[in-house]
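Novice: Quick one: the structure is below, questions incoming.
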Amino acid sequence: MNKKKLSVQSVVAIGIGTAILFLLKRWVSIPIGIPNTNLDTSYGFLGFIAVLFGPAVGFCVGFLGHSINDFTQFGTPWWTWVFTTGFFGLAMGFLKRYIKPDEGKISTQKLVLYNIYQVIINIICWVVIAPTGDVLIYSEPANKVYLQGIVSAFTNSLSTGIIGTILLVIYASTKVQKGSLKKE
Numbered sequence: 001m002n003k004k005k006l007s008v009q010s011v012v013a014i015g016i017g018t019a020i021l022f023l024l025k026r027w028v029s030i031p032i033g034i035p036n037t038n039l040d041t042s043y044g045f046l047g048f049i050a051v052l053f054g055p056a057v058g059f060c061v062g063f064l065g066h067s068i069n070d071f072t073q074f075g076t077p078w079w080t081w082v083f084t085t086g087f088f089g090l091a092m093g094f095l096k097r098y099i100k101p102d103e104g105k106i107s108t109q110k111l112v113l114y115n116i117y118q119v120i121i122n123i124i125c126w127v128v129i130a131p132t133g134d135v136l137i138y139s140e141p142a143n144k145v146y147l148q149g150i151v152s153a154f155t156n157s158l159s160t161g162i163i164g165t166i167l168l169v170i171y172a173s174t175k176v177q178k179g180s181l182k183k184e
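For the sequence shown, position 14 (counting from the first letter as 1) is numbered 14 according to UniProt numbering, and the numbering increases by one without interruption.
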């Protein structure tokens with residue numbers, strides 16, 4: 001039986017990624033005036049690390065980083081949003097096979113794909129999954145949580161689009177472009 005295990009690189013990425021995500025969520029989030037809703041820079045980083053290491057790492061970093069933030073900030077995690085952050089990382093990780101940042105320069109076409117995909121995933125996560133979970137599990141008022149979800153989808157799309165894109169371009173520029181070395 002061939003069991004696929006997480007590599008040492010993936011485990012290290014989960015540890016470091018979780019720590020960075022926690023720090024970004026905790027100290028580099030900008031309140032925007034709607035209760036418990038921020039311009040959250042961590043989603044740009046999560047989109048980046050998920051594309052770099054894949055869905056398993058993306059899920060773990062999102063889930064663990066968000067839950068640690070909620071534990072330390074509020075005393076208990078808001079599990080619907082914690083799970084949704086993990087799901088966002090998982091979904092973004094599926095782009096690894098298409099974006100391939102380790103191959104060097106990322107084309108405009110791949111960046112457009114990244115950004116269209118991340119907006120769709122942000123809408124699914126924050127307008128559908130998280131607020132619906134809040135209504136069903138926590139009996140939260142629908143108008144409150146769906147407003148938070150819509151605003152979060154917008155701000156998280158901005159964060160992922162700007163910060164994630166910049167990180168991907170910078171990272172890819174440090175790699176030797178595939179096929180650029182020629183035999184003399």
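From the three backbone atoms N, C-alpha and C, an ideal C-beta is built for every residue, glycine too.
In chain order, what are the residue ranges of uninterrupted alpha helix (DSSP H) at least 4 long that sit wholly in the stretch 93-149?
Specialist: 96-99, 108-123 and 130-138
Novice: DSSP state of Pro31, grouped into three classes?
Specialist: Translated into the one-based positions of the sequence shown, residue 31 becomes position 31. Strand.
Novice: For the alpha helix (DSSP H) containing Leu46, name the first residue and the last one.
Specialist: By one-based count along the sequence shown, residue 46 stands at place 46. Here the alpha helix (DSSP H) through Leu46 covers Ser42 to Phe53.
Novice: Keeping to the same chain, check which residues put their C-beta closer than 6 Å to that of Leu64; ignore five residues upstream and five downstream.
Specialist: On the sequence shown, residue 64 is found 64 positions in, with the first residue counted as 1. Excluding residues within five positions, the ones whose Cβ falls inside 6 Å are Thr18.
Novice: Using the Cα positions of Ile30 and Leu23, report the straight-line distance between them to the nearest angstrom.
Specialist: On the sequence shown, position 30 is the one that residue 30 refers to. On the sequence shown, position 23 is the one that residue 23 refers to. About 13 Å.
Novice: Checking the sheet assignment: what are the DSSP bridge partners for Asn38?
Specialist: Along the sequence shown, read from residue 1 onward, the residue named residue 38 stands at position 38. Asn38 pairs with Pro31.
Novice: Within this structure, are the beta carbons of Ala172 and Pro101 separated by less than 8 Å?
Specialist: On the sequence shown, residue 172 is found 172 positions in, with the first residue counted as 1. On the sequence shown, residue 101 is found 101 positions in, with the first residue counted as 1. Yes. Within cutoff.
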